[in-house]
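Q: Submitted below is the structure of interest, expressed as C-alpha cells.
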Amino acid sequence: MSTTLALARREITGLFYSPIGYIVLAIYLLFVGLLFSLLVLQPGAIADPGPMFQWNHLILIFVVPFMTMSLFSEEYRSGRIETLRTSPITDFQLLMGKFLGAMGFYCVVIASSLIFILILSLFGRPDYMTVLTSYLGLVLMGLLMVSIGLFFSACTQHQILAAMSSCVTLVALGILFQAISYFLGSALGVSWAWLRTLRHVLRYLAIEPHMVNFSRGILDSQNIVFFLTGAGLFLFLTYVVLESRKWR
Amino acid sequence: MSQPAEIVVEQLTKAYGKFLAVDNISFAVPKGMVVGFLGPNGAGKTTTIRMLTCFMPPTSGTARVGGFDVFHDSLKVRKNLGYLPENAPLYLEMRVAEYLHFRGRLRGMDRGSIKKRIDEVTELCWLSDRKRWPISKLSKGYRQRLGIADALLHNPPVLVLDEPTVGLDPSQIRETRKLIANLAGLHTVLLSTHILSEVELVCRKVIIIGRGKILAQGSPEELKQQCAQRGSGARLVLELRGPADQIRTALAALPGIEQARIISDNAVCAVELSGKLDGAMREQIAAMVQQRGWALREMRSAGASLEEFFVQITDPGAAAAA
Ligand SMILES: Nc1ncnc2c1ncn2[C@@H]1O[C@H](COP(=O)(O)OP(=O)(O)O)[C@@H](O)[C@H]1O
Ligand SMILES: [Mg+2]
Chain A
139 MSTTLALARR EITGLFYSPI GYIVLAIYLL FVGLLFSLLV LQPGAIADPG
189 PMFQWNHLIL IFVVPFMTMS LFSEEYRSGR IETLRTSPIT DFQLLMGKFL
239 GAMGFYCVVI ASSLIFILIL SLFGRPDYMT VLTSYLGLVL MGLLMVSIGL
289 FFSACTQHQI LAAMSSCVTL VALGILFQAI SYFLGSALGV SWAWLRTLRH
339 VLRYLAIEPH MVNFSRGILD SQNIVFFLTG AGLFLFLTYV VLESRKWR
Chain B
33 MSQPAEIVVE QLTKAYGKFL AVDNISFAVP KGMVVGFLGP NGAGKTTTIR
83 MLTCFMPPTS GTARVGGFDV FHDSLKVRKN LGYLPENAPL YLEMRVAEYL
133 HFRGRLRGMD RGSIKKRIDE VTELCWLSDR KRWPISKLSK GYRQRLGIAD
183 ALLHNPPVLV LDEPTVGLDP SQIRETRKLI ANLAGLHTVL LSTHILSEVE
233 LVCRKVIIIG RGKILAQGSP EELKQQCAQR GSGARLVLEL RGPADQIRTA
283 LAALPGIEQA RIISDNAVCA VELSGKLDGA MREQIAAMVQ QRGWALREMR
333 SAGASLEEFF VQITDPGAAA AA
C-alpha cells in the first residue's frame, strides 16, 4: 500500500511541477466559469448549481486526456519504465499508483470549482446535499475517464497519441453516442426492434444520462454501477497491456 | 572459485522475433566480486542484463540472482538487486533527495532508514552538496552518480551497472571507476561496458560477449595467457641497425619464430616477430644479432594486451575465418 501511495504522490507532484498541470487547471476553471455564469448565475433565478454539474463532463472530456497522457507514455519514452519495473513492485501496484495519482489530481481540479459554489452561496442558498451528490457523480465519472486515459497511455510511448486516443473515446462516450441515439430516436420515425436496442445501448453507454441524476441530488445505483464497471474494465485492460509489453 | 555464485546464468537465450540477441549463454558471478561484462555495442549486454533484472523474461534458459529465479521469484530478485540502467533515466523535475526518498519508498524502506541511507549513499557517491538540487540542473556525471546512489540505496547484495561511464568526461570516468572498485567485497557487481581498460582496472573477472555469445571468460591474467596461447597476442619488436632484408631472413630462419615482419626501415630497422617468444628465445635472438654485428637498439614485447585479444575475438571477420 505504501508503495502504491508513493507512486501516486509522485504522480500528483509531477503534474504540479509541470506546466501541463496548471494549464489543465486554468482551462477547466475558465470553462466551468463560463457554464456557471451562463447557466447558473441568473438574476432572480433560484440558486441551483445543477446545470454546472450536468454539463461538466463536456469540459472534462477535453481536459482529462491531458492529465493522463504522460502516465505511462512518458515512462516508456524516457526509459524510466525500466527503473520502475525492476523495482520490487508488482504491476498491480504500479497500475494503482498511477491511477490513484491521476485521480488525486483530478479531484484537485474538480474541487477548484468549489469557488463557484462559494460565489453562489453569497447570493442564495444552494442545496448542499445536491452539491455533494454532484461532486460524488464527478468523482465516479472521473474513475471512468481517468482509467480510459490511463489505458491509452499504457498503449504508446507517444503522449500526444495517447491524449488524442483518449479524447476520441471520451468524445464518443460523452457526445457522439448520445447524439446518435437522439438522432435515431427522433429523426427516424421507424421503430425496428434492433434499432431501438441500438438506441438504448448507445444511450446507456453515454455519459450525460448518468450524470443527470447526480446533479439533481439523486443517487441511482445504475449510474454508480455504470461508472464503476467502466473504470474496472479499463483498469483491467491496462493491466493486460502492461503484462503483454514484457513479452515483446 | 570456492565462493558461492551470486548470479548464475544457464543457457540463457533472448530472441527478438527471429533475431537471437542473446544466444544460449552461461556464466556465474561469484559473491563479493566485481565482474566485467565486456562486449562491443550490440553484443547483447543490455539484453542479458534486462533479463537478470526481471525487466523482460528470457526466451529460454534460466538465471538466478541471490539464489532466486528471475522468472519465478522476480519480486525477491528485484528486492536484492540494485540496478543502474543504461543512460540512467530519472525524473528531471524532482530534487536529488526527494528522488532518492521516492525510490526508497518503492522498495518498502521506512522513513528512518531512508533518511539514514540517503546521507550515506550521497556521501559515497560524492553527491552530498547536491542533495537539494533539481535533477534537471545536474550534469551528466552527477546524474550517473545519482543513478548509482539509487542502486545502492537499499544496500542490495547484488549490483548491476549497465555502462556506467558512458557519456562522462575523463575525470568523471576515473571517479566512477574508483567508486565501483570500492564496492568490491561489500557487493557483488556485474559491470557492463564496451571499454576494455575499464574492466582491466576494476574487475577481477571478465566475461566477454559478442553477437549474443560468450566468447571468453576468466581473470584478466587468464585471458592474457589465453591470448598468448592462441599465438595471437605475444609479439616481439626489435630495433636494430643493418640491412633490412638480411635481418628479416635471418630472424625468420630461427626455429620457433613463425613470422618476421619489417615495420619500418629508415636508418634503424624495426622488425616484429611472432611465434614462441620465451626468455630462451630472446637470449638466442640477442646472441645472433650480436654475432652478425647488427647494432641492437631496443627489444620489447608488444601486443600481448587484452586490447588486441578483445578486438580479435569480437571482430566478426575473425570469427568467420575461425
Ligand atoms: N527491443 C529490441 N527489439 C529488437 N532488437 C533489439 C531490441 N533491443 C536490442 N535489440 C538488438 O539486440 C542486439 C543486442 O542489443 P543490446 O543488448 O542492447 O546490446 P549491447 O547492450 O551489448 O550494446 C542488438 O543488435 C540490438 O539491435
Ligand atoms: Mg547496452
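Residue numbers (my numbering), protein chains in the order written: chain A, 139 to 386; chain B, 33 to 354. Cβ coordinates follow ideal geometry from the N, Cα and C atoms, glycine included.
#1: Let me see if you follow: with CB-CB separation under 8 Å, is residue 354/A close to chain B or not?
#2: With 16 other CB atoms within 10 Å as the buried threshold, where does residue 33/B fall?
#3: Counting only runs that start and end within the region 247–326 of chain A, where is the alpha helix (DSSP H) found for 4 or more residues in a row?
#4: By alpha-carbon positions, which one of 161/B, 157/B, 117/B, 182/B ends up nearest to residue 146/B?
#5: Under the three-state reduction of DSSP, which class applies to residue 352/B: helix, strand or coil?
#6: Can you confirm whether residue 187/B, when its beta carbon is compared against all beta carbons of chain A, has any partner nearer than 8 Å?
#7: Indicate, with yes or no, if ligand 1 has a heavy atom lying under 7 Å from the CB of residue 287/A.
#8: Pull out every residue of the region 156–187 of chain A whose Cβ sits closer than 8 Å to any Cβ of chain B, in chain order.
#9: Closer than 7 Å, Cβ to Cβ, to anything on chain A: give me those residues from the region 85–96 of chain B, in chain order.
#10: Can you tell me the Cα-Cα spacing of residue 354/B and residue 303/B, whole angstroms?
#11: Got a sec? Which residues, its chain only, sit under 8 Å from residue 214/A by beta carbon, not counting five neighbours each side?
#12: Which of the three DSSP states, helix, strand or coil, is assigned to residue 33/B?
#13: Out of curiosity, what's the CA-to-CA distance linking residue 348/A and residue 193/A?
#14: Beta-carbon separation of residue 220/B and residue 61/B under 8 Å?
#15: Is residue 225/B near ligand 1 - that is, is its Cβ less than 7 Å away from at least one heavy atom of it?
#16: Mind listing which residues of the region 136–158 of chain B have their C-beta closer than 7 Å to chain A's C-betas, in chain order?
#17: Considering only the alpha carbon of each residue, which of 246/B, 325/B, 64/B lies closest to residue 71/B?
#18: What is the DSSP secondary structure of residue 224/A, reduced to helix, strand or coil?
#19: Return the Cβ separation of residue 218/A and residue 134/B in integer angstroms, given the expectation that the two are a contact with Cβ distance under 8 Å.
#20: Is there contact here, the region 77–90 of chain B with the region 229–238 of chain B, by at least three beta-carbon pairs under 8 Å?
#21: Secondary structure at residue 147/A, three-state DSSP: helix, strand or coil?
#22: Is the number of C-beta pairs between the region 240–257 of chain B and the region 54–68 of chain B that are closer than 8 Å three or more?
#23: Which whole-angstrom value describes the C-beta separation of residue 329/B and residue 283/B, a residue pair presumed to lie in contact below a C-beta threshold of 8 Å?
#24: If you run the structure through DSSP and keep just helix, strand and coil, what is residue 165/A?
#25: If distances are taken between C-alpha atoms only, which option among 48/B, 68/B, 69/B, 129/B comes closest to residue 91/B?
#26: When you compare the region 370–384 of chain A with the region 274–289 of chain A, are there three or more beta-carbon pairs, one atom per stretch, that lie closer than 8 Å?
#27: Contact criterion: CB-CB distance below 8 Å. Does residue 103/B meet it with respect to chain A?
#28: For a contact meaning CB atoms closer than 9 Å, what does residue 73/B contact in chain A?
#29: Going by the C-beta, is residue 46/B closer than 7 Å to any heavy atom of ligand 2?
#30: If you check the beta carbons only, do residue 29/B and residue 335/A fall under 8 Å apart?
#31: Spell out whether any CB of chain A is found under 8 Å from the CB atom of residue 69/B.
#32: Ends of the alpha helix (DSSP H) at residue 163/B?
#33: Please classify residue 367/A: is it buried, with 16 or more other beta-carbons within 10 angstroms of its beta-carbon, or exposed?
#34: I'd like the list of long-range same chain contacts for residue 215/B, defined as Cβ closer than 6 Å, with 5 residues on each side in sequence excluded.
#35: Does the beta carbon of residue 9/B fall short of 7 Å from some heavy atom of ligand 1?
A: So, from the data block:
#1: no
#2: Note that residue 33/B has pLDDT 46, beneath the 50 cutoff, so the model's placement of it is unreliable and the number below is only indicative. So residue 33/B ends up on the exposed side.
#3: 252–261, 266–293, 297–309, 315–324
#4: 182/B
#5: Because residue 352/B carries a pLDDT of 46, less than 50, the predicted location of this residue cannot be relied on, and no value is offered for it.
#6: no
#7: no
#8: 156
#9: 85, 86, 87, 88, 89
#10: Here residue 354/B scores only 40 on pLDDT, less than 50, and its place in the model is too uncertain to base an answer on.
#11: 294, 295
#12: Because the pLDDT of residue 33/B is 46, which lies under 50, any placement of that residue in the model is unreliable, and the number read from its coordinates should be weighed accordingly. Coil.
#13: 11 Å
#14: yes
#15: no
#16: 137, 138, 139, 140
#17: 246/B
#18: coil
#19: The Cβ separation is near 11 Å, so there is no contact.
#20: no
#21: helix
#22: yes
#23: Actually they are not in contact, since the Cβ atoms of residue 329/B and residue 283/B sit about 15 Å apart, beyond 8 Å.
#24: helix
#25: 48/B
#26: yes
#27: no
#28: Neighbours of residue 73/B on chain A: none; closest Cβ ~17 Å, over 9 Å.
#29: no
#30: Here chain B comprises residues numbered 33 to 354, so residue 29/B is not present and cannot be evaluated.
#31: no
#32: No alpha helix (DSSP H) holds residue 163/B; DSSP gives it neither H nor E.
#33: exposed
#34: 221
#35: Here chain B has residues from 33 to 354 only, and residue 9/B is not among them.
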